[in-house]
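Each step along the sequence shown adds one to the number in full-length UniProt numbering, with nothing skipped, and position 349 is 349.
Take a look at the structure set out below.
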Amino acid sequence: MSKQWWKESVVYQIYPRSFNDSNGDGIGDIQGIISKLDYLTELGIDVVWLSPVYQSPNDDNGYDISDYEAIMADFGTMADWDQLLEEMHTRGLKLVMDLVVNHSSDEHDWFIESRKSKENAYRDYYIWRPGQDGKPPTDWIASFGGSAWQYDEETDEYFLHMFSKKQPDLNWENEKVRKDVYEMMCFWLDKGVDGFRMDVINMISKKEILPTYEEFQAGYAKAEPYQFNLPGVHDYLREMNEEVLSKYDIMTVGECPKVTPSEAKKYTAEHRQELDMVFQFEHMGLDKYKGKSKWELKTLDLRDLKANLSKWQNELENDGWNSLYWCNHDQPRIVSRFGDDGKYHRESATMLATLLHMMKGTPYIYQGEEIGMTNCHFDSIDDYRDIETLNYYQEMVGEHGKVPNDIMPSIYAKSRDNARTPMQWNSSSEAGFTTGTPWIKVNPNYKKINVENALADENSIFHYYKKLIKLRRQHDVMVYGSYTLLAEDHPAVFAYERELDGEKLLVLCNFYGESTSFSLKGMNPKQVLISNYEAELPTDDQLELKPYEAIVYQMN
């Protein structure tokens with residue numbers, strides 16, 4: 001397996017709307033990011049993944065793009081963006097942009113033209129179909145709820161949207177669409193960006209089955225068999241690689257819902273010339289019931305997590321590459337989700353960081369994760385902004401008559417807005433995020449959990465992350481070493497080894513808030529490499545691990 005800079009990097013995701021506001025309008029912006037670049041340098045990360053800053057009507061917080069080569073006014077100007085890239089490169093930081101090309105906004109010029117007539121030159125840029133007996137072409141359900149088809153009176157046809165009705169799906173079977181997308185990618189790469197995170201890229205190929213209309217069953221049927229990981233996607237990605245990606249020294253990561261390890265290898269194996277790595281979601285679905293929505297809460301079983309993460313580590317061992325993450329703009333805060341955001345806040349946050357960053361793959365840190373930001377519990381649904389959350393609430397309360405108090409626990413646990421509350425910089429008004437009124441409320445715990453406090457405390461979660469990142473630069477075994485799961489059946493400890501060229505590390509993570517024992521029989525630790533407690537070398541074969549304790553031993 002070849003060595004690559006992106007394998008050795010640590011990536012930090014910025015959600016610009018919530019990162020830092022420079023002008024007091026309550027919305028984070030590019031100048032706000034520029035003012036915090038030294039903070040990112042202090043943390044030690046290598047790459048910034050910037051969520052969309054393109055022109056957008058903002059139906060889905062920027063993932064509905066109306067102009068791929070313009071900057072949304074909320075965030076600043078192209079001159080601001082050019083300055084951001086220059087300032088980042090001056091500091092040795094790389095910039096990865098979001099690429100959202102499964103769909104555009106319905107306010108994009110392509111779609112405006114497409115809906116004008118069936119004969120329009122842009123008609124086939126999107127997927128249009130006639131209805132059947134006044135009903136949509138199929139009974140597919142959209143990811144945000146409701147039918148995946150939207151009727152348009154202008155031409156008496158429906159267009160496909162796998163997400164919001166304001167996000168019509170592009171037709172990748174149309175060569176002109178692909179050509180225009182590739183030209184747009186080159187526009188940004190020629191400006192100097194260092195790669196792309198590709199939004200739901202495994203959905204760009206769609207198998208259209210339009211039989212005689214079948215009656216709706218329980219409202220709508222799922223479209224999954226017709227939208228994920230279909231053979232055509234690999235043809236498109238190899239073409240994209242040949243036409244664009246292979247011509248630049250960049251990093252690519254594809255967001256791929258419903259991907260399996262065997263499928264992931266098709267995307268990421270070096271000889272296939274498609275992508276460098278993928279985001280998969282299996283481990284993020286372990287706290288829900290199989291076949292149920294994410295809102296139906298289930299307690300995580302550590303053994304399930306061990307099996308899942310180990311499966312991905314082992315199956316991509318020699319052919320492919322893992323992206324390692326707990327958090328992003330679509331996921332709740334991990335310290336609230338799998339840890340303890342109360343009594344053992346620091347301990348559980350640093351344990352989870354250890355467990356992830358010591359694995360094989362490229363680690364991702366989502367803004368605020370490095371200071372242990374937590375889920376928010378807003379008093380009213382009116383305080384939430386996420387379209388998925390609001391649609392769920394409306395469906396449950398408005399359509400099914402559920403009591404709001406029965407719905408809110410699921411929203412507290414799983415809403416995407418948990419990740420989108422403003423970055424907590426200090427204990428001043430609005431957490432130092434803005435001098436105005438933030439677009440979404442600040443988490444009330446900002447006076448305790450904030451960057452200023454974290455920087456001042458040598459034992460903070462921030463400084464622990466900083467140590468992990470520094471260790472990654474010093475030990476190739478953390479990047480390229482083999483992975484071996486240990487004590488598979490231990491109910492509380494996630495233990496594994498990493499080994500490379502004679503160097504071996506033992507990683508021990510107590511996943512829960514009670515002390516537990518772990519047998520070191522036959523092992524002989526030589527040095528404590530890192531720990532979130534004041535750990536020492538063990539004196540006997542039975543090691544007592546404190547609540548949420550994490551220890552990494554150097555074994556030779």
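Glycine residues also receive a C-beta, built at the ideal position from the N, C-alpha and C atoms.
Nothing here was measured: the structure is a model prediction, and the numbers come from that model.
Just the Cα atoms here: how many angstroms apart are residue i and residue j?
i           : j           : result
residue 413 : residue 425 : 23 Å
residue 339 : residue 198 : 29 Å
residue 214 : residue 128 : Per-residue confidence for residue 214 stands at a pLDDT of 47, beneath the threshold of 50, marking its modelled position as unreliable; no derived number is given.
residue 419 : residue 472 : 26 Å
residue 164 : residue 2   : 40 Å
residue 322 : residue 486 : 20 Å
residue 361 : residue 427 : 35 Å
residue 370 : residue 423 : 11 Å
residue 236 : residue 174 : 11 Å
residue 83  : residue 42  : 20 Å
residue 186 : residue 133 : 44 Å
residue 449 : residue 431 : 9 Å
residue 403 : residue 381 : 13 Å
residue 238 : residue 270 : 12 Å
residue 537 : residue 528 : 7 Å
residue 341 : residue 331 : 16 Å
residue 211 : residue 136 : Any reading at residue 211 needs caution, since the residue's pLDDT is 42, under 50, leaving its predicted position unreliable; the model's value is listed next. Answer to the nearest angstrom: the Cα atoms are 12 Å apart.
residue 258 : residue 223 : 12 Å
residue 119 : residue 176 : 16 Å
residue 556 : residue 461 : 28 Å
Just confirm the distance between the C-beta atoms of residue i and residue j, as a whole number of angstroms; I'd bet it's less than 8 Å.
i           : j           : result
residue 492 : residue 512 : 5 Å
residue 27  : residue 21  : 6 Å
residue 14  : residue 48  : 6 Å
residue 57  : residue 105 : 6 Å
residue 264 : residue 278 : 5 Å
residue 358 : residue 478 : 6 Å
residue 158 : residue 172 : Contact doesn't hold; Cβ gap of about 19 Å is too wide.
residue 268 : residue 333 : With a Cβ gap of about 28 Å, residue 268 and residue 333 do not count as contacting.
residue 410 : residue 295 : 4 Å
residue 110 : residue 125 : 5 Å
residue 95  : residue 88  : 5 Å
How about residue i and residue j: are their beta carbons less than 8 Å apart?
i           : j           : result
residue 167 : residue 59  : yes
residue 205 : residue 230 : yes
residue 505 : residue 442 : no
residue 195 : residue 469 : no
residue 458 : residue 145 : no
residue 521 : residue 554 : no
residue 345 : residue 368 : no
residue 201 : residue 255 : yes
residue 311 : residue 488 : no
residue 515 : residue 543 : no
residue 182 : residue 97  : no
residue 34  : residue 53  : no
What is the residue span of the beta strand (DSSP E) that residue i lies within?
i           : result
residue 508 : 503-510
residue 485 : 482-486
residue 160 : 157-160
residue 516 : 516-519
residue 196 : 195-198
residue 393 : Residue 393 -> not in any beta strand (DSSP E); alpha helix (DSSP H) instead, spanning 387-393.
When DSSP labels each residue in this structure, what does residue i get in the three-state scheme?
i           : result
residue 214 : Any reading at residue 214 must be qualified, since the residue scores a pLDDT of 47, below 50, and its modelled position is unreliable; no value is offered.
residue 70  : strand
residue 326 : coil
residue 421 : coil
residue 310 : helix
residue 277 : strand
residue 259 : coil
residue 135 : strand
residue 43  : helix
residue 530 : strand
residue 234 : helix
residue 145 : coil
residue 122 : coil
residue 399 : helix
residue 285 : helix
residue 247 : helix
residue 543 : strand
residue 222 : strand
residue 83  : helix
residue 168 : coil
residue 363 : strand
Between residue i and the ligand SAH, is the CB less than 7 Å from at least one heavy atom?
i          : result
residue 94 : The ligand SAH is not among the ligands present in this structure, which contains no ligands whatsoever.
If I follow the unbroken alpha helix (DSSP H) through residue i, where does it start and stop?
i           : result
residue 474 : 461-474
residue 149 : That residue, residue 149, is in no alpha helix (DSSP H); its beta strand (DSSP E) goes 149-152.
residue 189 : 175-191
Any beta carbon of chain D sitting closer than 8 Å to that of residue i?
i           : result
residue 308 : Reference to chain D is not applicable here, since this structure consists of a single protein chain.
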